[in-house]
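S.K.: Let me begin by handing over the structure; questions about it come next.
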Amino acid sequence: MASGELTSKDYITHHLTNWSVGEGFWTVHVDTLGWSIFMGLIFLFSFRAVAKTANAGVPTKWQCAVEMVVEFIENTVKSTFHGKNPLIAPLALTIFVWVLLMNLLDLVPVDFIPWTAQQIGAAMGYDPHHVYMKAVPTTDLNMTIALALGVFILMIYYSIKMKGIGGFIKELTTQPFNTPWLYWFNFILEVVALLAKPLSLALRLFGNLYAGELIFILIAMTGLYQLPMHFVWAVFHLLVIPLQAFIFTILTVVYLSMAHEHH
Amino acid sequence: MNINATLIGELIAFLVFVLFCMKYVWPPIIGAIEARQQKIADGLAASDRAEQDLRLAQEKAKQQLIDAKAQASAVIDQAKKREAQIIEEAAVKAQAERDKILAQAKAEVEAERIRAKEELRKQVAALAVAGAERILQRSIDEAAHSDILDKLVAEL
Chain A
923 MASGELTSKD YITHHLTNWS VGEGFWTVHV DTLGWSIFMG LIFLFSFRAV
973 AKTANAGVPT KWQCAVEMVV EFIENTVKST FHGKNPLIAP LALTIFVWVL
1023 LMNLLDLVPV DFIPWTAQQI GAAMGYDPHH VYMKAVPTTD LNMTIALALG
1073 VFILMIYYSI KMKGIGGFIK ELTTQPFNTP WLYWFNFILE VVALLAKPLS
1123 LALRLFGNLY AGELIFILIA MTGLYQLPMH FVWAVFHLLV IPLQAFIFTI
1173 LTVVYLSMAH EHH
Chain B
174 MNINATLIGE LIAFLVFVLF CMKYVWPPII GAIEARQQKI ADGLAASDRA
224 EQDLRLAQEK AKQQLIDAKA QASAVIDQAK KREAQIIEEA AVKAQAERDK
274 ILAQAKAEVE AERIRAKEEL RKQVAALAVA GAERILQRSI DEAAHSDILD
324 KLVAEL
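So the protein lines, in turn, are chains A and B. Numbering follows our numbering, with no gaps: position 114 of the first sequence is 1036. Numbering follows our numbering, with no gaps: position 140 of the second sequence is 313.
Written out as structure tokens, the structure is:
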């Protein structure tokens, strides 16, 4: 809600600024870090609760729900990844549920979390205009790049582990043009293709969620008519949230599957 | 919108979460799911087998019932035959017994009759002697006239 003393630009900027601590590169976005770890812990504790008591008997309702997610991931991984690697499925599960939970924070009304943070900040004696709280971690490029970078490191690791350094370099240089004259050109193409994978992963998730958040903020400035518009956009976003989590997950599995295979 | 140390923090968080999930979350849950799938498959197979067994048992029971019926009717027939036989035997035996008793009784009656006749004859002889004594008014020398007496007795 844009109050009188704030311009629209100030309002948007305020909503899109992270709570930062530190200088230069060593700045830390406390809100991104805090909310993402909070969501991750919700995921791990709720699933761990099931894992502790899981047995083949009659499952509880929560166990059923968790098992549905686990089985969904298991089936997805099985249909895409044909090697044997005990890391892939848990990795996919972590990415899917964690990203889903972080994306779901986008559905909390845009002003709710920042406004609460401002009240708390004001009560603790800070200037409320300088208390920033950007709740949705996936609208922070640091978050999505960290995820994509993790996947990228695993891609490189498994490429080298499965094919050897020589095999990996061969894969980068001998295709698509299989003549020694064009190996340098192949290398440029393949490196671009390789780097495009994590970059597209990170930017796709960031772009979708950032745009969604921005539109929520813009709708929040339209006054009385914002309620139906918020509803419509939230319903649409309800599709985007699991879809983006799923796309990130499935692409991770596909990229790691490609890293395991010989071409 | 700048890349900074948050990225490193998130990368570490990501790593820790994935490792925790791989060690403590994924294996028990997927293990339970697979164990349950196995259990359900076993249960379905067992139920199929039980159905098959039931059908076989029903067939067997039906067959046994038919056998039992046949056996029962055979036993009944045999019993009827035996009954008739026993009755016939009993009748024959009773007839023989009756004949025997009848014959015995007849013999006894005959013996009694002969004895009574003998007795009577003796008494009549005595009576005749006494009568003759009276008539003759004298005693008869029994020894001398015994032949007459005997003849008399024989005539009676």
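No residue lacks a Cβ here, since even glycine has one placed at the ideal position from N, Cα and C.
For the alpha helix (DSSP H) containing residue 247 of chain B, list its first residue and its last residue.
M.R.: On the second sequence, residue 247 of chain B is found 74 positions in, with the first residue counted as 1. Start and end: 199 to 309.
S.K.: Any idea if residue 926 of chain A is buried or exposed, counting beta-carbon neighbours within 10 angstroms, 16 or more meaning buried?
M.R.: As a working mapping, residue 926 of chain A is identified with position 4 in the first sequence. With a pLDDT of 49 at residue 926 of chain A, under the threshold of 50, the modelled position of this residue cannot be trusted; read the value that follows with caution. It is exposed - the Cβ of residue 926 of chain A has fewer than 16 other Cβ atoms within 10 Å.
S.K.: Using a C-beta cutoff of 8 Å, does residue 925 of chain A count as contacting chain B?
M.R.: In the first sequence, counting from the first residue as 1, residue 925 of chain A sits at position 3. At residue 925 of chain A, the pLDDT of 48 sits below 50, so the modelled position is not reliable; the number obtained from the coordinates is stated separately. With 8 Å as the cut-off, residue 925 of chain A does not count as an interface residue toward chain B.
S.K.: Tell whether a beta-carbon distance below 8 Å holds between residue 1002 of chain A and residue 1172 of chain A.
M.R.: The residue labelled residue 1002 of chain A in the question sits at position 80 within the first sequence. The residue labelled residue 1172 of chain A in the question sits at position 250 within the first sequence. Contact: yes.
S.K.: Of the residues that make up the region 942 to 962 of chain A, which ones have a beta carbon closer than 9 Å to any beta carbon in chain B?
M.R.: So the close ones are 942, 944, 946, 947, 948, 949, 950, 951, 952, 954, 955, 958, 959, 962.
S.K.: At which residues does the alpha helix (DSSP H) containing residue 1083 of chain A begin and terminate?
M.R.: Translated into the one-based positions of the first sequence, residue 1083 of chain A becomes position 161. Note, residue 1083 of chain A: alpha helix (DSSP H), 1063 to 1095.
S.K.: Which of the residues in the region 211 to 231 of chain B, read from start to end, lie with their CB under 7 Å from any CB of chain A?
M.R.: If the cut-off is 7 Å between Cβ atoms, the region 211 to 231 of chain B has 212 near chain A.
S.K.: Could you check the C-alpha separation between residue 1017 of chain A and residue 1097 of chain A for me, to the nearest Å?
M.R.: As a working note, residue 1017 of chain A is residue 95 in the first sequence. As a working note, residue 1097 of chain A is residue 175 in the first sequence. Straight-line Cα distance between these residues: approximately 31 Å.
S.K.: Got a sec, what are the start and stop residues for the alpha helix (DSSP H) residue 194 of chain B sits in?
M.R.: Against the second sequence, residue 194 of chain B aligns to sequence position 21. Run containing residue 194 of chain B: none; DSSP gives neither H nor E here.
S.K.: What three-state label does DSSP hand residue 1176 of chain A in the structure shown?
M.R.: Working through the first sequence from its first residue, we reach residue 1176 of chain A at position 254. Helix.
S.K.: Note the first and the last residue of the continuous alpha helix (DSSP H) segment covering residue 1035 of chain A.
M.R.: Numbered from 1 along the first sequence, position 113 holds the residue referred to as residue 1035 of chain A. 1034 to 1045 is the span of the alpha helix (DSSP H), which, as asked, contains residue 1035 of chain A.
S.K.: Kindly say whether residue 208 of chain B, judged by its beta-carbon, lies nearer than 8 Å to any beta-carbon of chain A.
M.R.: The residue you call residue 208 of chain B lines up with position 35 of the second sequence. So, interface residue.
S.K.: Measure from the alpha carbon of residue 953 of chain A to the alpha carbon of each residue in A/1050, A/1046, A/1065, then state which is nearest.
M.R.: Along the first sequence, read from residue 1 onward, the residue named residue 953 of chain A stands at position 31. Taking only the C-alpha atoms, the option nearest residue 953 of chain A is A/1065.
S.K.: Buried or exposed: which applies to residue 321 of chain B, given that a residue is buried once 16 or more other Cβ atoms fall within 10 Å of its Cβ?
M.R.: Locating residue 321 of chain B in the second sequence gives position 148, where the first residue counts as 1. With fewer than 16 other Cβ atoms within 10 Å, it is exposed.
S.K.: Who are the neighbours of residue 1136 of chain A on chain B, taking C-beta pairs under 9 Å?
M.R.: Along the first sequence, read from residue 1 onward, the residue named residue 1136 of chain A stands at position 214. Those within 9 Å of residue 1136 of chain A in chain B number zero; the least Cβ separation is about 12 Å.
S.K.: Between B/193, B/243, B/263, which has its C-alpha nearest residue 966 of chain A's C-alpha?
M.R.: Reading the first sequence from its first residue, position 44 is the one you call residue 966 of chain A. Taking only the C-alpha atoms, the option nearest residue 966 of chain A is B/193.
S.K.: Using beta carbons (cut-off 8 Å, strictly below), is residue 1002 of chain A in contact with chain B?
M.R.: Locating residue 1002 of chain A in the first sequence gives position 80, where the first residue counts as 1. Not an interface residue.
S.K.: Using the DSSP secondary-structure output, state which residues sit across from residue 943 of chain A in a beta bridge.
M.R.: In the first sequence, residue 943 of chain A corresponds to position 21, counting from 1. DSSP, once it has assigned bridges, lists A/950 as partnering residue 943 of chain A.
S.K.: Since residue 1065 of chain A meets chain B, which of its residues come closer than 7 Å, beta carbon to beta carbon?
M.R.: By 1-based counting over the first sequence, the position of residue 1065 of chain A is 143. Ordered by position in chain B, the residues that pass the 7 Å Cβ test against residue 1065 of chain A are 183.
S.K.: Mapping DSSP to helix, strand and coil, what is residue 1184 of chain A?
M.R.: Residue numbering aside, residue 1184 of chain A sits at position 262 when the first sequence is read from its first letter. Here residue 1184 of chain A sits in coil by DSSP.
S.K.: Within 10 angstroms of its Cβ, does residue 1027 of chain A collect 16 or more other Cβ (buried), or is it exposed?
M.R.: For the purposes of this step, residue 1027 of chain A is taken as residue 105 along the first sequence, with counting starting at 1. Per the 10 Å Cβ criterion, buried.
S.K.: Across the region 1046 to 1065 of chain A and the region 176 to 183 of chain B, are there enough close Cβ pairs to call them in contact, namely three or more that are closer than 8 Å?
M.R.: The region 1046 to 1065 of chain A vs the region 176 to 183 of chain B: in contact.
S.K.: Counting only beta-carbon atoms, is residue 176 of chain B nearer than 8 Å to chain A?
M.R.: Taking the first residue of the second sequence as 1, we reach residue 176 of chain B at position 3. True, the Cβ-Cβ gap to chain A drops below 8 Å.
S.K.: Would residue 1020 of chain A be called buried (16 or more neighbouring beta carbons within 10 Å of its own) or exposed?
M.R.: In the first sequence, the residue the question calls residue 1020 of chain A occupies position 98. That one is buried.
S.K.: When the cut-off is 8 Å and only beta carbons count, does residue 248 of chain B lie next to chain A?
M.R.: Translated into positions along the second sequence, residue 248 of chain B becomes position 75. It does not; no Cβ of chain A falls within 8 Å.
S.K.: Rounded to the nearest angstrom, what separates residue 946 of chain A and residue 955 of chain A at their Cα positions?
M.R.: In the first sequence, counting from the first residue as 1, residue 946 of chain A sits at position 24. In the first sequence, counting from the first residue as 1, residue 955 of chain A sits at position 33. Their Cα atoms are separated by approximately 17 Å.
S.K.: Name, please, each residue of chain B whose Cβ falls closer than 7 Å to the Cβ of residue 977 of chain A.
M.R.: If you number the first sequence from 1, residue 977 of chain A lands on position 55. Those within 7 Å of residue 977 of chain A in chain B are 205.
S.K.: Going along chain A, which residues have a C-beta under 9 Å from residue 180 of chain B?
M.R.: The sequence position of residue 180 of chain B within the second sequence is 7, counting from 1. Those are 1063, 1064, 1065, 1067, 1068, 1071, listed as they occur along chain A.
S.K.: Could you check which residue in A/1011, A/1067, A/1089 has the C-alpha nearest to that of residue 1124 of chain A?
M.R.: The sequence position of residue 1124 of chain A within the first sequence is 202, counting from 1. Of the candidates A/1011, A/1067, A/1089, the one whose C-alpha sits nearest the C-alpha of residue 1124 of chain A is A/1067.
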